[in-house]
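Following my numbering, the numbering of the sequence shown begins with 1 at its first residue and continues without gaps. For each residue, glycine too, the CB sits at the ideal point set by N, CA and C. A short write-up of the structure that comes next.
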Amino acid sequence: MLELNAVNSGYGETQVLYGMNVTAQSGRVLAILGRNGAGKSTTLKTIMGLLPTKSGTITFDGAPIAKRPFDIAKSGIAYVPETRDIFPSLSVRENLEIASKRFGDGAWTIERVIDLFPRLGERLDNGGMQLSGGEQQMLAIARALLMNPRLLVLDEPTEGLAPIIVKLIHDKLQDLRREGLSMVLVEQNFGFATSLADDVVVVGKGQVVWSGSADEIRADHETQHKWLGV
Ligand SMILES: Nc1ncnc2c1ncn2[C@@H]1O[C@H](COP(=O)(O)OP(=O)(O)OP(=O)(O)O)[C@@H](O)[C@H]1O
Ligand SMILES: [Mg+2]
Numbered sequence: 001m002l003e004l005n006a007v008n009s010g011y012g013e014t015q016v017l018y019g020m021n022v023t024a025q026s027g028r029v030l031a032i033l034g035r036n037g038a039g040k041s042t043t044l045k046t047i048m049g050l051l052p053t054k055s056g057t058i059t060f061d062g063a064p065i066a067k068r069p070f071d072i073a074k075s076g077i078a079y080v081p082e083t084r085d086i087f088p089s090l091s092v093r094e095n096l097e098i099a100s101k102r103f104g105d106g107a108w109t110i111e112r113v114i115d116l117f118p119r120l121g122e123r124l125d126n127g128g129m130q131l132s133g134g135e136q137q138m139l140a141i142a143r144a145l146l147m148n149p150r151l152l153v154l155d156e157p158t159e160g161l162a163p164i165i166v167k168l169i170h171d172k173l174q175d176l177r178r179e180g181l182s183m184v185l186v187e188q189n190f191g192f193a194t195s196l197a198d199d200v201v202v203v204g205k206g207q208v209v210w211s212g213s214a215d216e217i218r219a220d221h222e223t224q225h226k227w228l229g230v
């Protein structure tokens, strides 16, 4: 459904991705793993049109992906960045309303995301700034779902969260996976990522250095040690 073919990208003069090849298949979860600075977030920012593709191609459903972030989102890819990017000065309710108005109708409604994350229902009148890290992450995921995406792209959803919240986020993403939502997941948490993923790529120095199934990498201690420091 999403395919990066020989993609070079980076920040201004600084090249970070060198011939990135990644395929995410419909109805599956792809985990992108790799050490700090390997180029995982850069890969996602390039997919989302936040960084220009210097060469190579990105296709979504067989056609070249849109250029502007807004059009990419509109085509059905929702992105939860590392920074979560909720509106801190707005209430939870306002954050959800803005997201649900953005791309009109679909299966996801404010009621349904509150069903998924009841905690948000209890915090509707709280400001974004008053939320815990876990609640902010729930809100960021809820906002992404309200865009009714066909592909959900998540950058380190567990970063900085307490183990009990990591487990909650894990279980909710597992529910979404069972419903057939396609996902691309960047993670440092190896156990979290490999228990959610069907397919795995390992990135090192801006390239894919390993690819296979989640089962394969769980059994491959050499790759874990060499490229992930697990
Ligand atoms: N805004 C930027 N300007 C210049 N270089 C950057 C910028 N952001 C990241 N880089 C560089 O790009 C490389 C890859 O960074 P990236 O954020 O993609 O890594 P990552 O795999 O997501 O790592 P982490 O696990 O720490 O989030 C790093 O060397 C980093 O220093
Ligand atoms: Mg990153």
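CB-CB under 7 Å to residue 38, same chain, minus the five flanking residues each way: which ones, in chain order? Non-local beta-carbon contacts of residue 38 in its own chain, meaning distances under 7 Å to residues more than five positions away in sequence, involve 203, 204 and 205 in chain order.
Return the chain-ordered list of same chain residues with a C-beta closer than 6 Å to the C-beta of residue 124, the five sequence neighbours on each side being excluded. Cβ-Cβ distances below 6 Å link residue 124 to 92 and 93 in the same chain, with the five nearest sequence neighbours on each side left out; the list follows chain order.
Taking all protein chains shown into account, do 16 or more other C-beta atoms lie within 10 angstroms of the C-beta of residue 70, making it buried, or fewer, making it exposed? With fewer than 16 Cβ atoms within 10 Å of its Cβ, residue 70 is classed as exposed.
Would the beta-carbon of residue 187 be found less than 7 Å away from any heavy atom of ligand 2? Outside the cutoff, so no.
Own chain, CB closer than 7 Å to residue 72, minus 5 neighbours either side, in chain order: Within its own chain, the residues whose Cβ lies closer than 7 Å to the Cβ of residue 72, once the five positions on either side in sequence are excluded, are 48, 49, 65 and 66, listed in chain order.
CA-CA distance, residue 213 and residue 187? Rounded to whole angstroms, the separation of the alpha carbons of residue 187 and residue 213 is 15 Å.
Let's see if you can read the secondary structure: which residues bound the beta strand (DSSP E) around residue 24? In this chain, the beta strand (DSSP E) harbouring residue 24 covers 14-24.
Would you kindly report the start and end of the unbroken beta strand (DSSP E) that includes residue 144? Element bounds for residue 144: not the beta strand (DSSP E) but the alpha helix (DSSP H), 133-145.
In terms of alpha-carbon separation, which member of 227, 118, 84 and 76 lies closest to residue 141? The candidate whose alpha carbon is nearest that of residue 141 is 84.
What number of angstroms, rounded off, separates the C-alpha of residue 90 from the C-alpha of residue 97? Between residue 90 and residue 97, the C-alpha separation is close to 10 Å.
Which runs of the beta strand (DSSP E) at least 3 residues long sit entirely within the segment 49-121? Give them in chain order. With a minimum length of 3 residues, the continuous beta strand (DSSP E) runs that stay inside the segment 49-121 are 53-60 and 77-80.
Starting from the C-beta of residue 28, find all residues in its chain whose C-beta is less than 7 Å away, skip the five residues before and the five after it, and write them out in chain order. Around residue 28, the same chain offers 182, 198 and 199 as residues with beta carbons nearer than 7 Å, after the five sequence neighbours per side are excluded.
Which runs of the beta strand (DSSP E), 3 residues or longer, sit entirely within the segment 183-214? If only uninterrupted beta strand (DSSP E) runs of at least 3 residues are considered, those enclosed by the segment 183-214 are 199-204 and 207-213.
If we ignore side chains and look at the alpha-carbon of each, how far apart do residue 159 and residue 61 end up? Rounded to whole angstroms, residue 159 to residue 61 spans 30 Å at the Cα level.
I'd like the span of the beta strand (DSSP E) that includes residue 166, first residue to last. Segment 163-178 is the alpha helix (DSSP H) holding residue 166; no beta strand (DSSP E) there.
Which of helix, strand or coil DSSP assigns to residue 181: The answer is coil: DSSP assigns residue 181 none of H, G, I, E or B.
Pick out whichever of 81, 24, 111 and 5 has its Cα sitting closest to the Cα of residue 54. In this structure, 5 is the residue among 81, 24, 111 and 5 with its C-alpha nearest to the C-alpha of residue 54.
Quick one: does the C-beta of residue 36 sit closer than 7 Å to a heavy atom of ligand 1? Under cutoff, so the answer is yes.
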